[in-house]
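What follows is a single structure, written as structure tokens, with notes after it.
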DNA sequence: TCAAAGGCTGACGCACCGTCAAGGTCAAGC
DNA sequence: GCTTGACCTTGACGGTGCGTCAGCCTTTGA
């Protein structure tokens, strides 16, 4: 037999369970006017008609798709055309979210691999190059921190500077100088080799002056970037002194 | 030259922008102890070292993956093994979320197709069958609402009942009776054909009594389900009366 | 008949910040 | 030297989407 339209037989719990939302959520939707309040039975209980199931499933489908309730509210009163275009937008949004989640999966996986992956590839590549040359882990970490700070402070130029650096590393003389400088960290500050090294450094500084970091980064900031060297190496402090003597004279 | 480790040159804005979070978020992380407060400069501004960039990227990566801040807090102090297993869990969670989003895309797409798709396939199939028989849209809607209410009230049995109904529809006599009943909705309540129809209905009811809906659904609920017929059809009211005469006598 | 289950209306809580408010500080240009 | 606008500080309220508790009433099933 045909079962006729009905004014309301479902209790709030049956409705909620069947649709797959909580009772609290249904009441919340009533409070905000999203779902119309149904008639009450003689003891004040809400009694829902079949239409409420249909309405609630629409709401659930949209909210599960991440549509805010205020938007759902609008959509419910929208024309079919508005609704259709909105649905398309939402669908595109979901596609985008799926893509984002894939990216985040990659990001999370990178956390396992240490901190290599979440720095720009240019920086990590440069750091790998240093490691390959035999630069100490300490040295590599100094470089890493320095480049992080530079990249954060000068996002537009930092990648260019690091490209320059990598070009310099193509020069065998520079590579040798670089490794020596790294080792000097642990030398005695009185070590005579520091004078030799200071000569090389001073010469390089004179050559290099054009079109490099030094143009852009203010002296103040350079000193900030270079601060706390003394926490680590008396030899480097001595070296800096020797270089200063050579460049100011 | 090696750029040494540095106590802090980044302002909060540079840090936040480089990492891709808001300044407000960084301060929030400080408040909750998630990110250590850096040293302040002479005017009380926060000045961040490179390590803060690394820490903040870890936090961002995790929160973007949907990990709650409290959990991030735990993970930061966890052992590497705990961290690794947690990461695996998170990764699985992401995979699950991606699958859910795919499902939601299907659900949203179904909204465009009207209300067919988000009812159980058994019900929509049955409704389609009725349409194919020539049952009026009004009749189909009555059925839909009735079955929705039944399915919500008796989730375990409703699918069985509808299977029975579909078997009945295989009987050509039943089909004819059914279509006639549907049409009777618009008849004059004095139409003599109602008597004929009442005979058929009464006979069917006697036959059907075993093992059907009527066993389970209480009389009260049946009357609720059948309520408000009078809103729609005087002929159906008259018909119900005639059937009652035949079944109670 | 009596406990368990379900219903009702508030009201607070929470996660993760957004967004003022009400200032103090810094860098640059005049 | 002074102003202007960008940036920094703390503090506090707001908002979304309910979860959860309290305190009370009603229905249902054994």
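Chains as they are written, first to last, in this note's numbering: chain A, 104 to 352; chain B, 104 to 352.
Even for Gly, the Cβ is constructed at its ideal location relative to N, Cα and C.
Query raised in the report: Do we get a CB-CB distance below 7 Å when we pair residue 239/B with the residues of chain A?
Result: Counting from 1 along the second chain, the entry for residue 239/B is found at position 136. It does not: the Cβ of residue 239/B has no partner Cβ on chain A nearer than 7 Å.
Query raised in the report: Just reading off the alpha helix (DSSP H) that residue 248/A is part of, what are its end residues?
Result: The sequence position of residue 248/A within the first chain is 145, counting from 1. From DSSP, the alpha helix (DSSP H) with residue 248/A extends over 240-256.
Report task. Give a yes or no on whether 7 Å exceeds the smallest Cβ distance from residue 224/A to chain B. Result -> Numbered from 1 along the first chain, position 121 holds the residue referred to as residue 224/A. No - not a single Cβ of chain B is within 7 Å of the one on residue 224/A.
Query raised in the report: Going by other Cβ atoms of all chains shown within 10 Å of its Cβ, with 16 needed for buried, is residue 249/A buried or exposed?
Result: Along the first chain, read from residue 1 onward, the residue named residue 249/A stands at position 146. Under this definition residue 249/A is a buried residue.
Query raised in the report: Shortest alpha-carbon distance to residue 281/B belongs to which of 151/B, 253/B, 309/B, 243/B?
Result: On the second chain, position 178 is the one that residue 281/B refers to. Minimum Cα distance to residue 281/B is reached at 243/B.
Report task. Using three-state DSSP, classify residue 120/A as helix, strand or coil. Result -> Locating residue 120/A in the first chain gives position 17, where the first residue counts as 1. If DSSP states are grouped into helix, strand and coil, residue 120/A belongs with the helices.
Requested in this report: Tell me where the alpha helix (DSSP H) around residue 281/A begins and ends.
Outcome: Along the first chain, one-based indexing puts residue 281/A at 178. Run containing residue 281/A: 275-287, per the alpha helix (DSSP H) assignment.
Query - Contacts that residue 118/B makes with chain A (C-beta to C-beta distance below 9 Å) - result: Taking the first residue of the second chain as position 1, residue 118/B is located at position 15. Ordered by position in chain A, the residues that pass the 9 Å Cβ test against residue 118/B are 255.
Query - Rounded C-alpha distance that separates residue 109/A from residue 254/B - result: As a first step, residue 109/A is located in the first chain; it is residue number 6 there, counting from the start. As a first step, residue 254/B is located in the second chain; it is residue number 151 there, counting from the start. Low per-residue confidence applies at residue 109/A: pLDDT is 43, beneath 50, and the placement is therefore not dependable enough to give any value.
**Report entry** The alpha helix (DSSP H) enclosing residue 175/B, as first and last residue numbers
**Finding:** Locating residue 175/B in the second chain gives position 72, counting from the first residue. 172-179 is the extent of the alpha helix (DSSP H) around residue 175/B.
Query - Option in 236/B, 342/B, 211/B with minimal Cα separation from residue 166/A - result: Mapped onto the first chain, residue 166/A falls at position 63. Here the closest residue by C-alpha is 211/B.
Query raised in the report: What's the gap between the Cα of residue 291/A and the Cα of residue 139/B?
Result: Reading the first chain from its first residue, position 188 is the one you call residue 291/A. Reading the second chain from its first residue, position 36 is the one you call residue 139/B. Computed Cα separation, rounded: 35 Å.
Query raised in the report: Can you give the Cα-Cα distance for residue 261/A and residue 271/A, rounded to whole angstroms?
Result: In the first chain, the residue the question calls residue 261/A occupies position 158. In the first chain, the residue the question calls residue 271/A occupies position 168. The straight-line gap from Cα to Cα measures roughly 15 Å.
Query raised in the report: What span of residues does the alpha helix (DSSP H) with residue 290/B cover, start to end?
Result: Residue mapping note: residue 290/B aligns to position 187 of the second chain, counting from 1. Per DSSP, residue 290/B belongs to no alpha helix (DSSP H) and is neither H nor E.
Query raised in the report: Using a beta-carbon distance cut-off of less than 8 Å, what residues from the stretch 146-168 of chain A approach chain B?
Result: 152, 153, 154, 156, 157, 160, 161, 164, 165, 167, 168
Query raised in the report: Of the choices 247/A, 132/A, 301/A, whose alpha-carbon is the least far from that of residue 342/A?
Result: Locating residue 342/A in the first chain gives position 239, where the first residue counts as 1. Selected option, being the one with the closest Cα: 301/A.
Query raised in the report: How is the alpha helix (DSSP H) around residue 209/A delimited, first residue to last?
Result: By one-based count along the first chain, residue 209/A stands at place 106. From DSSP, the alpha helix (DSSP H) with residue 209/A extends over 183-215.
Query - First and last residue of the uninterrupted alpha helix (DSSP H) at residue 158/B - result: In the second chain, the residue the question calls residue 158/B occupies position 55. First-last of the alpha helix (DSSP H) with residue 158/B: 153-167.
Requested in this report: Kindly identify the DSSP beta-bridge partner or partners of residue 113/B.
Outcome: Taking the first residue of the second chain as 1, we reach residue 113/B at position 10. Its beta-bridge partners are 151/B.
Query raised in the report: If you compare alpha carbons, which of 180/A, 135/A, 170/A, 120/A is closest to residue 151/A?
Result: Sequence index remark: in the first chain, residue 151/A carries index 48 (1-based). In terms of CA proximity to residue 151/A, 120/A leads the group 180/A, 135/A, 170/A, 120/A.
Query raised in the report: Just to confirm, are residue 287/A and residue 338/A a CB contact at a threshold of 7 Å?
Result: Numbered from its first residue, the first chain carries residue 287/A at position 184. Numbered from its first residue, the first chain carries residue 338/A at position 235. Using a Cβ distance threshold of 7 Å, residue 287/A and residue 338/A count as a contacting pair.
Query - chain B within 7 Å of residue 124/A, Cβ atoms only - result: For the purposes of this step, residue 124/A is identified with residue 21 of the first chain, where counting begins at 1. No, because no Cβ of chain B sits closer than 7 Å to the Cβ of residue 124/A.
Query raised in the report: By the criterion of Cβ-Cβ separation under 9 Å, what are the contact partners of residue 212/A in chain B?
Result: Along the first chain, read from residue 1 onward, the residue named residue 212/A stands at position 109. Here the neighbours are 190, 194.
**Report entry** Euclidean distance between Cα positions of residue 160/A and residue 136/A
**Finding:** Counting from 1 along the first chain, the entry for residue 160/A is found at position 57. Counting from 1 along the first chain, the entry for residue 136/A is found at position 33. Their backbone Cα atoms lie some 16 Å apart in a straight line.
Requested in this report: Just mark residue 208/B as buried or exposed, buried being the case when its beta carbon has 16 or more other beta carbons within 10 Å.
Outcome: The residue you call residue 208/B lines up with position 105 of the second chain. Counting Cβ neighbours within 10 Å, residue 208/B comes out buried, since at least 16 surround it.
Query raised in the report: For residue 231/B, which residues of its own chain have a beta-carbon under 8 Å away from its beta-carbon, when the five flanking residues on both sides are left out?
Result: Translated into the one-based positions of the second chain, residue 231/B becomes position 128. Hits under 8 Å: none found.
Requested in this report: Output, in chain order, the set of chain B residues within a Cβ distance shorter than 9 Å of residue 121/A.
Outcome: For the purposes of this step, residue 121/A is taken as the residue at position 18 of the first chain. Near residue 121/A (Cβ distances below 9 Å), the residues of chain B are 251, 254, 255, 256, 258.
Query raised in the report: In this structure, what does DSSP give as the bridge partners for residue 143/B?
Result: Position 40 of the second chain, counted from the start, is the residue given in the question as residue 143/B. Answer is 149/B, bridged to residue 143/B.
**Report entry** DSSP state of residue 137/B mapped onto helix, strand, coil
**Finding:** Translated into positions along the second chain, residue 137/B becomes position 34. The DSSP-derived three-state label of residue 137/B is coil.
Query raised in the report: Can the beta-carbon of residue 163/A be found closer than 7 Å to that of residue 124/A?
Result: For the purposes of this step, residue 163/A is taken as residue 60 along the first chain, with counting starting at 1. For the purposes of this step, residue 124/A is taken as residue 21 along the first chain, with counting starting at 1. Yes; because the gap between Cβ atoms is below 7 Å, this pair is in contact.
Query raised in the report: In whole angstroms, what separates the C-alpha of residue 229/B from that of residue 153/A?
Result: For the purposes of this step, residue 229/B is taken as residue 126 along the second chain, with counting starting at 1. For the purposes of this step, residue 153/A is taken as residue 50 along the first chain, with counting starting at 1. Each residue's Cα considered, the two are about 17 Å apart.
**Report entry** Rounded separation between residue 191/B and residue 185/B - CA only
**Finding:** As a working mapping, residue 191/B is identified with position 88 in the second chain. As a working mapping, residue 185/B is identified with position 82 in the second chain. Each residue's alpha carbon lies about 10 Å from the other.
Requested in this report: Classify residue 237/A as helix, strand or coil using the three-state DSSP reduction.
Outcome: Counted from its first residue, the first chain places residue 237/A at position 134. DSSP places residue 237/A in coil when its eight states are reduced to three.
Report task. For residue 142/A, count neighbouring C-beta atoms within 10 Å of its own C-beta (all shown protein chains included) and say buried if the count is 16 or more, exposed if not. Result -> Here residue 142/A refers to the residue found at position 39 of the first chain. With fewer than 16 Cβ atoms within 10 Å of its Cβ, residue 142/A is classed as exposed.
Query - Span of the alpha helix (DSSP H) around residue 337/A - result: Within the first chain, the letter at position 234 stands for residue 337/A. Looking at the DSSP string, the run of the alpha helix (DSSP H) that includes residue 337/A is 337-351.
Query - Helix, strand or coil at residue 230/A [DSSP, three-state] - result: Counting from 1 along the first chain, the entry for residue 230/A is found at position 127. Helix, per DSSP.
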